[in-house]
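I have placed the structure first, in the form of structure tokens, so that the comments after it can refer back to it.
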Amino acid sequence: MSRGAAAGQVQHVFKGTFAHSTTAEPLQILDNTILGVDINGKIAFIEPGDQEEILCDKWGFSSSDVKSLQDKDFFIPGMVDTHIHAPQYTYAGIAQDYSLMKWLKVFTFPTELKYESKDFAKDVYTKLVKRTLKHGTTTACYFATIHTDSTLLLAEIVEKLGQRALVGKVCMDINDAVRSYREETEECIEETKRFIQEIINRKYTLVKPIVTPRFAPSCSTQLLNDLGDIAKENDLHIQSHISENKDELNIVKDMFPECGCYTEVYDKYNLLTSKTVMAHGCYLSNKELEIFCSKGSAVAHCPNSNISLCSGMLDVRNVLNHKVKIGLGTDVAGGYSTSMLDAVRKAIETSKILTIQKPGYETLSYKEAFQLATLGGSQALALEDTIGNFEVGKDFDAVLISPTTTDSSFDVFAGDTKKVIFEKFINLGDDRNVMEVYVAGKLVFPSMCFL
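Going by full-length UniProt numbering, the first residue of the sequence shown is number 1, and it counts up by one from there.
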């Protein structure tokens, strides 16, 4: 790459088909398009393919530097998992016949106690991050456990493997179900501060800390108050759960009688901000959604978990109508799949169930569900200026899809248009169709870390 004033300023140039969402359109399929990635991993240009010669001169690369995609292949933006419990991966796919509160007592809390062992944590966390990357999840919002050191290990593993993530040390000082799995209030606050400071000191490029009260029923008012202060003082992201299950709603009502609704509990302690993402929200009222909108807070829709634990069904259309930011989450292991494609499909299925129940209901389209898994997720995590689609200036977080790979999970036929092939991938594709995964311009799958 010796020509032009900008020689050496691009590290990748791809030519072919790119499918992404914009704020105006849930799906754009850009055929015969050329995209360049600069040395900082950001999208330098995305132009019609017939501009190749002009771009060669401007950016100082030659046609031999261009990687042309196979005819049916296409790039999508990296998918964003807005809610996933890293320590629960060991029992993903089992215990699907329990209700939420019993499931927490019998499986979740006893399992999370094991993460006091860093050796145990290293094995599980490494396998999970590799698995999610292979599925095309380039950004994840992780719950860990109450154990600071193993949570720091999760952050280290994520950074090493090249995934972008928000990682949270779980905070809980109340646990009547498994009393040994909690911290004293002061200890929890001090360990949270230690965790945050250590992450900051490590100067990771891809990993950020996120303040993580497990959910209101597991936190004292003092803990909620202090966590709100910590998030504000450090301008940090916040994550928790809200309105997932009817039993949970009754517990919150009894614990916080001074608050008119679940949302007011978090709002009272300054935990609803433009960097807050709350998982589930199945039973949020219109009034609560208005509060979410006014605060700029987001909802992580976890349809697999909502169905699997019989918690409820989120009306995504109503959330969107209230102009509340919303993304999708796998919620492993309440949700049994680590794949964001599963989250997309379950979101569509939940919407169709609501359509059956409510004639005239506007069903969520596959295009909209794809938007939630990519651009919507970036907005929910307040990362939309960095990731989410193929706009110039954003990081190149991308997944190369091959619909015709030898062991593809679906078939392509003569006459199938790019749109038809894309829809087949959304409904039928899986990790066998994922050929390459890039985060901030770096190829992270396949890589030596996966050998």
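Even for Gly, the Cβ is constructed at its ideal location relative to N, Cα and C. Source: prediction; values computed, not measured.
- Judged by their CB atoms, Gly41 and Ala440 are nearer to each other than the 8 Å cut-off.
- If you check the CB distance, Thr111 and Thr90 come in under 8 Å.
- For Asp81, the enclosing beta strand (DSSP E) has its first and last residue at Met79 to His85.
- Here Arg179 is exposed. Its C-beta has fewer than 16 other C-beta atoms within 10 Å.
- Inclusion of Phe109 and Ala177 in the CB contact set at 8 Å is warranted, their separation being smaller than that value.
- Ranked by Cα distance from Gly16, the first of Asn32, Glu25 and Glu264 is Asn32.
- Per DSSP, the unbroken beta strand (DSSP E) holding Ser240 starts and ends at His237 to Ile242.
- Between the alpha carbons of Ala279 and Phe413 lies a distance of about 39 Å.
- In the structure shown, Val434 adopts extended strand secondary structure according to DSSP, grouped into three states.
- Counting only the Cα atoms, Ala165 lies some 22 Å from Ser117.
- Residue pairing of Val299 in beta bridges, as defined by DSSP: Met278 and Ile326.
- In this structure, Asp342 places its C-beta atom within 8 Å of the C-beta atom of Asn304.
- Scanning Leu55, Leu284, Lys122 and Val158 for the CA closest to the CA of Thr132 turns up Val158.
- Assignment of Lys67 by DSSP, reduced to helix, strand and coil, places it in the strand class.
- For Tyr98, the secondary structure class from DSSP, reduced to helix, strand or coil, is coil.
- Between Lys169 and Ile146, the C-beta spacing is below 8 Å.
- Per DSSP, reduced to three states, the secondary structure at Asn32 is strand.
- Contact annotation: Val299 and Gly281 have beta-carbon atoms nearer than 8 Å.
- Minimum Cα-Cα distance from Thr22 among the listed residues Asn389, Glu290, Val80 and Glu187 corresponds to Asn389.
- If you look at Pro110, you'll find it in the alpha helix (DSSP H) that goes Phe109 to Leu113.
- Along the length of the stretch 131 to 218, whole beta strand (DSSP E) runs at least 3 residues long occupy 137 to 143, 164 to 168 and 207 to 213, reported in chain order.
- Asp397 and Cys141 have their C-alpha atoms spaced approximately 15 Å apart.
- Listed as beta-bridge partners of Val399 by DSSP are Ile76 and Val437.
- With respect to Val80, Thr139 sits close: the two C-beta atoms are nearer than 8 Å.
- Short of 7 Å from the beta carbon of Ser63, and not among the five residues preceding or following it, lie these beta carbons of its own chain, in chain order: Glu52 and Cys56.
- The C-beta separation of Ala44 from Asp38 comes to about 4 Å, placing the pair in contact by the 8 Å criterion.
- In the three-state DSSP reduction, Ala369 falls in the helix class (H, G or I).
- Ser285 and Asp416 have their C-alpha atoms roughly 43 Å apart.
- The DSSP-derived three-state label of Thr350 is helix.
- By the Cβ rule, the stretch 60 to 78 does not count as touching the stretch 316 to 333, because fewer than three pairs are nearer than 8 Å.
- The Cβ atoms of Asp173 and Cys219 lie closer than 8 Å to each other.
- Distance from the CA atom of Lys114 to the CA atom of Leu154, rounded to whole angstroms, is 14 Å.
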